Structure formats: structure tokens, C-alpha cells
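This report concerns only the one structure given below.
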Amino acid sequence: MSDLLSFYLNVSGRVCEVDCIEISHPSWPKPFRYTTYDEDGISLQHEDSTTHFYEFQDMSIESGGVKSDLDQELKLTINDYDDTLIEAYENITDRVPVSVKRRIYRDDILTEPMQIIETLNAVSMTKNSTGQVTFEAIAQELNSVKTGDTYSIERFPMLRGTL
10 MSDLLSFYLN VSGRVCEVDC IEISHPSWPK PFRYTTYDED GISLQHEDST THFYEFQDMS
70 IESGGVKSDL DQELKLTIND YDDTLIEAYE NITDRVPVSV KRRIYRDDIL TEPMQIIETL
130 NAVSMTKNST GQVTFEAIAQ ELNSVKTGDT YSIERFPMLR GTL
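For what it's worth, the numbering used here labels the leading residue of the sequence shown as 10, then goes sequentially.
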């Protein structure tokens, strides 16, 4: 049974999910790492055995799509009161997209994530007058399969029988 399945089916009442977001870009000196779990922040071990500190940030994360689907989507709203995230985003000069990774841990096992979603790119961050930065993080068309061929009746006369 997977860790994620085990968490939801066999969890005691005292264990909870630690949701973490990492937002990075090659032009930034360091990634933004946020969690909603602990107001003092928390140090977590990544899948490559390196330990990183996630600072507390008031935010909401909505998952879109099916968890087993390759076309993952997240809708994030982050309270960026000091403008660090939105300023970093606005200062990007190249066309490299902002990378978003989501890691979900059990609060009793902080050395290994239960689930990782790491192939997401942020789409146009915006900030409103209340200090909330909102954006969507979507996968890069991982589920699209294209052959490059255009199927027409002129090229494939047998298609007429299927119409």
C-alpha cells in the first residue's frame, strides 16, 4: 500500500498532512518555500536527502484534475504582504517559466514526502489590493500525443466509412 493511501486509510486522529510549496526560477538567488503547517516554519527533508526550511505563509492551495492524471493543476493564493514573491516574478527578464513543486508530508514523518508534484509551471502571477498573489501552476501538456499527421478524406479515403 502506498504511503499516501496508508495515510488516508490507516491514520490515527493525531497525524495530519504537511502541505509545502516550492516556487523557483533560475534567475532567483533561492527558491520560495512555503508551508501552512507551523507558524514558526519547519525544516523538511526532500526526496534527495537534503534538508530545507519552509517558512510559514498564509495561503490556499486548490488541486485541479485527477491525482493520477499527468495533467496536474494547482490554483494558489498566497498572502505576499512584503511583495517579495511578486517583485521577484516581475523582475524576470527571460522566457523561462517559474517552476512550482508541491510536496505533501505526514507530520510524524518529515524525512520523506508522501507525494510530490514537480512538473508544474506558474502561469501569470497577479497581486490584488489586499496583498494576495494568485496564480495557476499547470503541467506542460504531458498527456498530449500528436503524430503530426492531418487525417483527411483525400489522404485516407477509408475514413469516409467511419463517418
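We put the beta carbon where it would ideally sit given N, CA and C, even for glycine. Remember, it's a predicted structure, so these values are computed and weren't measured experimentally.
Judging by CA-CA distance, which residue of 166, 70 and 39 is the nearest neighbour of residue 147? Translated into the one-based positions of the sequence shown, residue 147 becomes position 138. It is 70 whose Cα lies nearest to the Cα of residue 147.
If you measure from the beta carbon of residue 61 to each beta carbon in chain D, is any gap under 8 Å? Protein chain content of the structure displayed is limited to a single chain, and chain D is not contained in it.
Locate the beta strand (DSSP E) running through residue 96, then write down its first and last residues. Taking the sequence shown and counting its residues from 1, the one referred to as residue 96 is at position 87. Premise fails: residue 96 lies in the alpha helix (DSSP H), 93 to 99, not in any beta strand (DSSP E).
Start-to-end residues for the beta strand (DSSP E) that takes in residue 137: Position 128 of the sequence shown, counted from the start, is the residue given in the question as residue 137. Where residue 137 is concerned, there is no enclosing beta strand (DSSP E), given that its DSSP letter is neither H nor E.
What separation, rounded to the nearest whole angstrom, lies between the Cα atoms of residue 31 and residue 64? Your numbering for residue 31 matches position 22 in the sequence shown. Your numbering for residue 64 matches position 55 in the sequence shown. Distance between the alpha carbons of residue 31 and residue 64 is about 10 Å.
With 16 other CB atoms within 10 Å as the buried threshold, where does residue 144 fall? Along the sequence shown, one-based indexing puts residue 144 at 135. Under this definition residue 144 is a buried residue.
Reducing DSSP to helix, strand and coil, say where residue 111 ends up. One-based indexing of the sequence shown puts residue 111 at position 102. Of the three classes helix, strand and coil, the one that applies to residue 111 here is strand, per DSSP.
Tell me the residue span of the beta strand (DSSP E) that contains residue 160. For the purposes of this step, residue 160 is identified with residue 151 of the sequence shown, where counting begins at 1. From DSSP, residue 160 is part of no beta strand (DSSP E); its letter is neither H nor E.
The segment 28 to 47 touching the segment 98 to 109, judged by at least three CB pairs closer than 8 Å: yes
Taking residue 47 as the reference, which of 135, 142, 89 and 114 has the closest Cα? Taking the sequence shown and counting its residues from 1, one reaches residue 47 at position 38. If we check each option's Cα against that of residue 47, 114 comes out closest.
Only counting the same chain, and skipping five residues up and downstream in sequence, which positions put a Cβ closer than 6 Å to that of residue 98? On the sequence shown, position 89 is the one that residue 98 refers to. The answer, listed in chain order, is 134.
Do you know offhand how far residue 122's Cα is from residue 128's? In the sequence shown, the residue the question calls residue 122 occupies position 113. In the sequence shown, the residue the question calls residue 128 occupies position 119. Rounded to whole angstroms, residue 122 to residue 128 spans 16 Å at the Cα level.
Where residue 58 and residue 27 are concerned, what is the direct C-alpha to C-alpha distance, given to the nearest angstrom? As a position in the sequence shown, residue 58 is number 49, starting the count at 1. As a position in the sequence shown, residue 27 is number 18, starting the count at 1. Each residue's Cα considered, the two are about 17 Å apart.
Since residue 66 and residue 60 should fall inside the 8 Å C-beta cutoff, what is the C-beta to C-beta distance between them, to a whole number of angstroms? Residue numbering aside, residue 66 sits at position 57 when the sequence shown is read from its first letter. Residue numbering aside, residue 60 sits at position 51 when the sequence shown is read from its first letter. With a Cβ gap of about 19 Å, residue 66 and residue 60 do not count as contacting.
Under three-state DSSP, which class holds residue 50? Counting from one through the sequence shown, the residue named residue 50 turns up at place 41. Three-state DSSP puts residue 50 in coil, outside helix and strand.
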